[in-house]
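Here's the structure we're looking at; comments come further down.
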Amino acid sequence: PPGVDRSLRGGDYAALRTMCASVASKLGLPALRDAKVDDIKGAAMLNHDERQRALHVLNENHRVLQAARAMRGNDWTTLGDLMFASHQSLRDLYRVSIDELDLIVDAAQSLRNDGRGVFGARMTGAGFGGCAIVLCRSDVVNRLGMAINEAFEGRFNRRSRIMRVHAVGGAEPLALQ
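Mapping of the sequence shown onto our numbering: position 162 corresponds to residue 178, and the numbering continues sequentially without gaps.
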């Protein structure tokens, strides 16, 4: 969001990556993705922060697989649920969200709860600033933008910057001549 320092807070992001690698090492695994949730919950050698961040990583990996299934099935409600769950985990377990992004996601959640065509929202990027993405029907974009800006201005005394985007096919090889 505008007015937010996007510097990854002096190495906090690198420290998180190091912590996750350390958790895997403590568990005797090549990578954290190889752990099971029960491994994390039962690991006495992990401190609270390590456990919370590791649980986020494992659950986020599972959410990504569920999100892929939801997209293949055009199940936007499930995808939205997963987006909100992802943001909650990024905020509460991994602790990389900021107030501005939480406000945007909360504003989207309130419109979803009113049945107004919003499916889901979450922060995106490495954390500590950056962007939020909201999945919604195209006919609610303007109303959503106004609600977000109203809440944002009321809380932070500045406007957010909203960019309308459309999903397209993923990256693919190009045949260069």
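No residue lacks a Cβ here, since even glycine has one placed at the ideal position from N, Cα and C.
CA-to-CA distance, residue j to residue i, given in whole angstroms
i: residue 91; j: residue 110; result: 27 Å
i: residue 118; j: residue 153; result: 21 Å
i: residue 105; j: residue 141; result: 14 Å
i: residue 94; j: residue 162; result: 25 Å
i: residue 75; j: residue 53; result: 8 Å
i: residue 34; j: residue 130; result: 41 Å
i: residue 124; j: residue 133; result: 10 Å
i: residue 191; j: residue 127; result: 44 Å
i: residue 136; j: residue 120; result: 11 Å
i: residue 184; j: residue 96; result: 18 Å
i: residue 83; j: residue 98; result: 7 Å
i: residue 122; j: residue 44; result: 39 Å
i: residue 24; j: residue 149; result: Below a pLDDT of 50, predicted positions are generally treated as unreliable, and residue 24, at 49, falls in that range; the measurement from the model is reported next regardless. Whole-angstrom Cα-Cα distance: 19 Å.
Cross-strand partners of residue i (DSSP beta bridge)
i: residue 147; result: 140
i: residue 7; result: No information on residue 7 is available, as it lies outside the stretch 17 to 193 that the chain covers here.
C-beta contact flag for residue i and residue j at 7 Å
i: residue 113; j: residue 87; result: no
i: residue 169; j: residue 175; result: yes
i: residue 85; j: residue 102; result: no
Please list the segments of the alpha helix (DSSP H) lying wholly inside the region 78 to 143, counting only runs of 4 or more residues, in order along the chain.
92 to 108, 115 to 129
For the structure I just gave you, are there three or more beta carbon pairs, one from the region 70 to 87 and one from the region 37 to 55, closer than 8 Å?
yes
List in chain order: all unbroken alpha helix (DSSP H) runs of 4+ residues lying wholly within the region 18 to 72.
28 to 42, 53 to 57
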